[in-house]
Each structure stands twice: as structure tokens, then as C-alpha cells.
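Engineer: In our numbering, the protein residues as written are 53 to 682.
(1) Hey, could you find the ends of the beta strand (DSSP E) residue 47 is sitting in?
(2) Over what stretch of residues does the alpha helix (DSSP H) that includes residue 485 continue unbroken?
(3) Buried or exposed for residue 424, please, with buried defined as at least 16 other CB atoms from any protein chain shown within 10 angstroms of its CB.
(4) Using CA atoms only, rank isn't needed, just tell me which of 501, 493, 548 and 642 is closest to residue 582.
(5) Measure the CB-CB distance between residue 588 and residue 573 and report whether it falls below 8 Å.
(6) On a Cα-Cα basis, can you pick out the residue from 590, 325, 454 and 383 that is closest to residue 491?
(7) For residue 150 and residue 111, what's the separation of their Cα atoms in angstroms?
(8) Determine whether the beta carbon atoms of residue 554 and residue 467 lie at a separation below 8 Å.
(9) Classify residue 105 as helix, strand or coil using the three-state DSSP reduction.
(10) Taking all protein chains shown into account, decide if residue 126 is buried (16 or more other Cβ within 10 angstroms of its Cβ) or exposed.
(11) Cutting at 7 Å between CB atoms, please list the residues of its own chain near residue 527, excluding the five before and the five after it.
(12) Assign residue 443 to one of three DSSP states: helix, strand, or coil.
(13) Just to confirm the assignment, what range does the beta strand (DSSP E) spanning residue 347 have?
(14) Taking only three categories from DSSP, how would you classify residue 158?
(15) Per the DSSP calculation, residue 391 is bridged to which residue(s)?
(16) Can you have a look at residue 175 and say buried or exposed, based on whether 16 or more other CB atoms are within 10 angstroms of its CB?
(17) Helix, strand or coil for residue 272? Go by DSSP, reduced to three states.
(18) Using the Cα positions of residue 116 and residue 109, report the straight-line distance between them to the nearest angstrom.
(19) Is the CB-CB distance between residue 630 and residue 343 below 8 Å?
(20) What residues in its chain sit with their C-beta under 6 Å from that of residue 639, if we drop five residues either side in the sequence?
(21) Can you give the Cα-Cα distance for residue 516 and residue 495, rounded to whole angstroms?
(22) Nearest CA to the CA of residue 188: which residue from 148, 157, 136 and 156?
(23) Mind the definition here: the segment 86 to 98 touches the segment 55 to 73 only if three or more C-beta pairs lie below 8 Å; say whether that holds.
(24) If you draw a straight line from the C-alpha of residue 268 to the C-alpha of residue 171, how long is it?
(25) Would residue 440 and residue 434 qualify as a contact pair, given that the criterion is a beta-carbon distance under 8 Å?
(26) My parser needs the beta strand (DSSP E) runs of 3 or more residues fully inside the segment 459 to 545; what are they?
(27) In this structure, how does DSSP classify residue 130 when only helix, strand and coil are distinguished?
(28) What do you reckon, are the CB atoms on residue 360 and residue 388 nearer than 8 Å?
(29) Is the segment 284 to 291 in contact with the segment 469 to 486, if contact means three or more CB pairs nearer than 8 Å?
(30) As a quick exercise: from 302, 394, 525 and 316, pick the residue whose alpha carbon is nearest that of residue 178.
(31) Starting from the N-terminal side, write out each stretch of the beta strand (DSSP E) that is 3 residues or longer and does not extend beyond the segment 597 to 667.
(32) Measure from the alpha carbon of residue 403 to the alpha carbon of each residue in 81, 575, 637 and 524, then state which is nearest.
(33) To the nearest angstrom, how far is it from the Cα of residue 559 to the Cα of residue 666?
(34) Would you mind working out which of 562, 184 and 54 sits nearest residue 123, comparing C-alpha positions?
(35) Give the straight-line distance between the Cα atoms of residue 502 and residue 535, rounded to the nearest whole angstrom.
(36) Measure the CB-CB distance between residue 401 and residue 487 and report whether it falls below 8 Å.
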């Protein structure tokens, strides 16, 4: 089959290539090899008429050009690297380009230089009671070693943890040839890397080395610094520790046991035993024992929210100040509360039936669900001391934009999402398996502070004044730009453990809305919001209203429609500590409002969470207005 075969030539001697590698080489129509590094004896095994290219004289684009042409001619290509291509072979960048071009490839492993070094020295790399770990690394050459992987950075056990080693642009070939006594060009293969796109016209092919020179050369390279495996094992241990800190004991144990180091690394084995014991000592929580609290957008500047205008009463009733929120979060953490997700409580089985799950937490810890409504930053809130948008900063963290008194915009943590993110960074044990809250979205003003609804572009005759005013103030508006911005934030939030829910597109009362209007609203959400958040199977009812009065949904026309649209999880508002209903068809959960109204009139209903008298913001106007005028 015509394709590109990356073949490891072995560590020097021509007969150290694998049987498969030799066969592929003999069948190749085109061979591209590292001329200054690969033993030329190997080329004697090619068939008559084989087209041979020396990559020491080629740039990466030139190499890829040969591959593309040969593929178009339905020829079989062998890209011949020394040692094993996976070690310093510069193959990743080639494979990425091949994938972009739609060209098939595979990799035939080879005998690496460290194997050749051990053989040349008559050494066994793993001896019982002496060493059970092999680390593969290199000294810096033309391609530098990243600072965090340098010898100096790894001299002690306390050196900084590193990520998984990235693919090096430098080939194994150059490392095998690296020797102070070598007079040839040790870095020819680097011409294939992204860092060397322009060929040096003065470069000539290095003298061919005698076959006898290859094995000592490999030995010299293989005798270098070997830290990589240690760093890998330290990273695995750290990752497992972080998982266990967020109560994902099974994930931590699986990570350790699936790593090859588990068989010999006593630290891996002891850690797995420790996490198994910790899980065995956990308390099991059923969904019926889990409470669910929610917030709206937080008030940053109370002087603006409570300025005496017609919106003051509503803000005072249903919103929470940033100061209150931070105090509540800290208190709940100190009391042992841990955020869990709806998906931790129940899920669909293989037959599509909803089944309860069990949350396991150490004694003294209590699970709860957190959600936030209306994370859209409505036009009506402008100038009222509330954040205006969610953004992703240069470090990839989700933050808020906030408009100051002088009209300037600052980026910081001013609402639930970034405040919780920062809190979990400092207190990872506040998030079960890294899961955070549920963000409920409408769509008619867009989402997350971005004007993503199609109405901003189509400008129908009934477009409201707020939208018209905003569009007039933003003549450069582009719908696709807004949607791209919202999607970027949504993707970053999901990566950080957040979940999205529908709050209905138009903030509709599902208990009173007509069936026709419900269908139209759902369609609007699916067309304008779902593509940006990746869809959702959770609906959090606006106004706290439900489609019935608490009885089972079975047979309800509105439920049947919502179920047909993919909604499996339903949340209303219920002042009780717990309200959970699970059937084969759905999961239903009541939520408790944590806001000015509840803290002022019913602090006893929140007493299991915190003492409202310690939290209530003194800048709130009192008495808090009652609901419904009475």
C-alpha cells in the first residue's frame, strides 16, 4: 500500500534494522534519509530504480514536497531515521503536516541508541536492588533543552514538576552523532524542523563514517543524562495526588496502575493503597441528601445597584453582593461543603434510563450543588454596578469585564464564575472531581455578555429599545465575532469544570406559557445558544416556576416535548433543604435562593449553610421589599 512509512534504522550497524524495517526499505519507491547520520550500507537494500533523497541537504518543506509528489504518484515512501523515530526523531511535525495533506502514514520502530549503548558497554540498565528506572534525555545542542528540563533544574528531588515531554524538533540522529571528537555535521537532521526552514547553501554532506564507528558513537550518546523517566513518574504522582485531593480516588488509582512504572515504583504502589483506603473510609451520599443553592449576577458596587431607581427593589430581593458571596463561600468551605455536579448525582444507563449515583466524600464533608441564573449580562443592568462580560485572559483564565465610574473597563474577578475559579485554585478540595457550578443561560440578549442572538443581525421590526441603543453604540457589531467570543469563553469554562443549562431563551414562565410559545422558545435556544455551549440536557426553569406543581412529570405534554428535545435534568426553586425526584425518564431537583430576600425574611432556611447575620451586607436598604407587594 502506498503511504509514508517512518522507519527506525537502528543504532548504527546495518543489520540492526528490524526485519519489518528492512522489508519496507526494500519495497520503497522513494527513500528520504538523514545522509550524515544513517549508515549508508542500509541503502544497498533498496530496489532498483528507488528514488533516494538525502535530507541533510533539505528543508522541511522540501521533504514534505517530495512526500506529496510521491503520494500523488501512488508511490511508497520510506522516511528513514536513525535509532527509533519516537526519540528525538522530529517526526511529530512531519506527521502533523501529513495529516493536514491527507496522506496516510505509519511508524516502524527501531533499536535506539540507548539500547546500543548498553550493548556496547555490556551493561544491564535495570538491576534488582540497584536500579529499576531508565531515563532518556540529552544535553543541549543546536536545539536547546527547555529550561524546566535542564540538568540544573533537575539536580534534586524537589525540582519543579514538568509537563509531558513535548516532541523535540531535533532528531535522534543528531543526538546519536553528538560527540566532541566528531568532525562531521551532527545537526543535519535539524534542517527538517520548523526552526530551520531555510537551507544553508554552504552545507555539504559530511564524510561517511565507517560502520565500526556507529556503535561507539551510540554508546557515547546513550551514556548521557537520564532524567526524563524520573520527571514523568513525579508528574504522574502529582497528578494522582491532585485527583485524590478532589476525591477522585478511582481516577487517581487508575492513573497509577495504568502506568508502566507501577510494577516497580514503590511510591506508586503506596499511593494507590493510600487512596484506596481513603475511599473505603468515605461516607456515601445519595442524591436525596444533597442540597442545591443558586445565585444571580453579583452586585459589585452597591451604591449603583441601590441608587433609588425603579430597579433597586428587584436587585435587593433577588441578588447577592460580591461581599456576601465571598463570605458565604468561605463559611461553607470551612463547614466542609463540597461542590458536586448534577451528573455526579444521576445519569442515564446504557438503556437510556435515569439512575441515581452515589457521591463518596470523607467524613465531615457535605456535598452541595451550585448554580447561577441569567449569566448573560443584560442591557438593563448596564451602569448598575454589575459585571458586563466574561472574557478569557492571556493566561487562559476566565475573568470579568467591569466598567468603572470613569467609563474605563477593567478585567478582574467580579462574578460567581471567576470568583469560584480563584477559590478552587486556592482550595482544590472544594470541587468534587474538579466539578464546579451550573450556569443557566437565556439567549434573547445573548450569552456571557456577548450579543449572540440572531435578532441583533436581522433587526426585526419589534426589536426592543435596549438592543437598538446598543447596536447604535456599536456600529462595528459583527454577529460571528460575538459568537466566536462567547464560544471561546464557554469552552474555557467547560475546561475548568463548569456546566451549562438552559434558562429558556426568553426567560419564560413554563408553568403559564402556551405550548406553541414553549416550542418557539426552545427552538430559539437551540439555534442561538446550543451551538456556542455544545448543547445541554439541563433546563433550569426561569422564575423558579415548574411545568407542574411538584407531581410526577409522566404524561405531561410540556415535559414530553422538552424530553423529546433532549432535556433529562430539570430544576425548579424550592425553599426546602432537599427536593429530588428520580424516574427512569428524568432527574428533578429543587434549588434554594441565596439572596437579599431569603437572608432578610427567612434566615432560618439558610441556617444549615451559614449564619445570615454574619453575611448580610450592611449597605443593603432595609427592609428588603417583600415579594409580590405583600
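Glycine included, each C-beta is placed from N, C-alpha and C at the ideal position. Treat the numbers as computed from the prediction; the structure is a model and nothing was measured.
Structural biologist: So, to answer that:
(1) Any property of residue 47 remains undetermined from this structure, which presents the chain solely from 53 to 682.
(2) Residue 485 -> no alpha helix (DSSP H), and no H or E assigned at all.
(3) buried
(4) 493
(5) no
(6) 590
(7) 15 Å
(8) no
(9) strand
(10) exposed
(11) none
(12) strand
(13) 343 to 347
(14) strand
(15) 420 and 483
(16) exposed
(17) In this prediction, residue 272 has a pLDDT of 42, which is less than 50 and means its spatial position is unreliable; nothing more can be read from the coordinates.
(18) 13 Å
(19) yes
(20) 398, 406 and 621
(21) 14 Å
(22) 136
(23) yes
(24) Only weak support exists for where residue 268 lies, its pLDDT of 43 falling under 50; the coordinates are left without a value.
(25) yes
(26) 461 to 464 and 490 to 493
(27) strand
(28) no
(29) no
(30) 316
(31) 621 to 625, 632 to 634 and 639 to 645
(32) 637
(33) 33 Å
(34) 54
(35) 7 Å
(36) no
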